[in-house]
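Note that my numbering has the sequence shown beginning at 58, numbered continuously upward. We put the beta carbon where it would ideally sit given N, CA and C, even for glycine. Owing to the predicted nature of the structure, the values given are computational and were not obtained by experimental measurement.
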Amino acid sequence: MSRIGRLPVALTGKVKAELSGSVITVTGPLGTLSQEIQNRKINVEITPKEIQVTRATEEKEVKAAHGLYRALIANMVQGVEKGYSKNLLIEGVGYKAVMQGAKLVLNVGYSHPVNIEAPEGIKLECVSNTEISVKGIDKNKVGQCAADIKAVRKPEPYHGYGVRYKDETIVRKEGKTAGK
């Protein structure tokens, strides 16, 4: 049995789950998320207190899918109940971010500002000129949006200029030294 897959996903009073065919839908105070269970050998049982994911066979692919679908369902439950957020920091002389309506405008050393629109279901905020917060209920979308923002200007290893995650440390390289 998968160590991840065998754990039940607890449902609180605020979160409701229902299964129709092969699609599981989780509804909570922050919204609704759905996931299709594409592997027919994975079974989902919903009780008022928990969701249990089981598998029909011991094949390698089914074992992998067992843990995957349990993790996806657990992420959906946490997302509709508490939500997800990623914080990004901007470092560099003159580098900054501002919100213009629903667009995030980054000035990160290019000759032009970079405009980023939030995908559906994602909320972008500028906490300060150098800090960006990405919030939403879908863990995949929040992570992908944060990665897309970071990809605009990845941190460089000499000064650390660029966009990085708040909890990320940049390994710095030693610069050139004068001849000996």
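Given this structure, state the Cα-to-Cα distance separating residue i from residue j, to the nearest angstrom.
i	j	result
residue 71	residue 132	15 Å
residue 208	residue 202	10 Å
residue 58	residue 228	Annotation note: pLDDT 49 at residue 58 (below 50); position unreliable, coordinate value reported separately. Taking the straight line from one Cα to the other gives about 39 Å.
residue 104	residue 127	15 Å
residue 196	residue 235	48 Å
residue 102	residue 140	24 Å
residue 62	residue 232	48 Å
residue 183	residue 204	16 Å
Do residue j and residue i count as a contact pair if the criterion is CB distance below 8 Å?
i	j	result
residue 134	residue 199	no
residue 179	residue 163	no
residue 129	residue 92	yes
residue 100	residue 113	yes
residue 192	residue 215	no
What does a CB cutoff of less than 8 Å around residue i pick up in its chain, not counting 5 residues either side in sequence?
i	result
residue 137	72, 83, 84, 85, 86, 87, 88, 89, 90 and 194
residue 187	146, 147, 148, 152, 153 and 154
Looking only at DSSP bridge pairs, what is residue i linked to?
i	result
residue 92	81
residue 154	163
residue 108	66 and 103
residue 126	Its beta-bridge partners do not exist; DSSP assigns none.
residue 149	Looking at the DSSP assignment, residue 149 forms no beta bridge with any residue, so it has no partner.
residue 171	163
residue 220	147
residue 183	189
Less than 6 Å between C-beta atoms, sequence neighbours within five positions excluded: which residues of the same chain meet that for residue i?
i	result
residue 210	165, 219 and 220
residue 160	172 and 174
residue 79	93 and 94
residue 144	190 and 223
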